């Protein structure tokens, strides 16, 4: 059911890298004595453990996207959860929740850095164990929120499955009635299917936009504070905070580029009946075919000229 070999291989390489790097990060952070990270090391451990959990979910529930006219769908491409069952339907929704969970983890990091600069006494007093517990519960809320809307509002009911059945069989050679899938259908469907799809995608979009706005807000406040002259902090500590902030910005850009932007792009293409990803693929295939045919034609012309010269 894979689109190509890269679609099969890349998630597995990514998961293996995560299993190699994150345990090493845990070891380094836990045994660090030079950076003096203090309680921040617990957040770094939390981040590493979440990454490992996400990699496990990627391995267990590999997903693929199919857009057809006014419908968007995500389905399990292989493995134990590929065949349809209510439990598997719930599990793919739970897997999607980890997309939003990544933002919750980043929020915890940004808020921690914000409090270090603006209210360090409060942070010192309440972060352990209350702060880290709130961070975990907040991440759990994000995952549960997405799970509920993916399962209850954009689940794969019969009407929506029938709508994309022909397209699924044409492009992936499987019957959509037998696989684990969630579908959002905006038009050309039953009133209930269209209403639930719009509400589901709308609520997921709302939380995603709020999550991104929070990152921009706290990021701006932190950068502004670090660049101000009124900050009472030693140059060494200020330099460390600046380096940690730069690393955090990079960490925030990754899920924004590989999760948030692609999600919005895939969700809202079908609103206009578009499938730009497939059009782009078809364009590349056409260009490749055109180049191949051009080379073949040139080769035939060259061969013909050589034979003509030899006959002379």
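Numbering (this note's numbering), first residue to last: 1 to 312.
Beta carbons: idealized from backbone N, C-alpha and C, even for Gly.
These numbers were taken from a predicted model, which means no experiment stands behind them.
Fully enclosed by the segment 191 to 234, which alpha helix (DSSP H) runs are 4 residues long or longer?
191 to 227
Report back the beta-carbon spacing between residue 78 and residue 62 to the nearest angstrom; my notes put them in contact at under 8 Å.
6 Å
Nearest-angstrom Cα distance between residue 25 and residue 55?
15 Å
Say the cut is 7 Å; is the CB of residue 194 nearer than that to a heavy atom of the ligand SAH?
The ligand SAH is absent from the structure shown, which contains no ligands of any kind.
Which class does residue 119 belong to by DSSP, given the choice of helix, strand or coil?
Coil at residue 119, not helix or strand.
Do the CB positions of residue 110 and residue 218 come within less than 8 Å of each other?
yes
Look up residue 290 in the DSSP assignment and say whether it is helix, strand or coil.
Bear in mind that the predicted position of residue 290 carries a pLDDT of just 44, short of 50, making it unreliable; the figure below should be weighed with that in mind. Here residue 290 sits in helix by DSSP.
Just to confirm, are residue 251 and residue 106 a CB contact at a threshold of 8 Å?
yes
Below 8 Å on the Cβ atoms is my guess for residue 211 versus residue 100; work out the distance and round it to an integer in Å.
7 Å
What would DSSP say about residue 251, mapped onto helix, strand or coil?
If DSSP states are grouped into helix, strand and coil, residue 251 belongs with the helices.
Comparing C-alpha positions only, which one of 152, 153, 40 and 182 sits nearest to residue 165?
182
Let me make sure I understand the geometry here. Which of 46, 113 and 74 has the alpha-carbon closest to that of residue 249?
113
So what does DSSP say about residue 37, is it helix, strand or coil?
coil
Decide yes or no for the touch test of the segment 113 to 131 against the segment 144 to 164: beta carbon pairs closer than 8 Å, at least 3 of them.
no
When we look at the beta-carbon of residue 38 and count the other beta-carbons within 10 Å, is it buried (16 or more) or exposed?
exposed
Can you list, in chain order, the residues of its chain whose CB lies under 6 Å from that of residue 150, leaving out five sequence neighbours each side?
93, 96 and 182
In angstroms, rounded to a whole number, what distance separates the CA positions of residue 147 and residue 241?
Rounded to the nearest angstrom, the two C-alpha atoms are 35 Å apart.
The beta strand (DSSP E) spanning residue 73 covers which residue range?
71 to 76
Is the beta carbon of residue 71 less than 8 Å from the beta carbon of residue 220?
no
Taking the CB atoms as reference points, tell me whether residue 132 and residue 42 lie closer together than 8 Å.
yes
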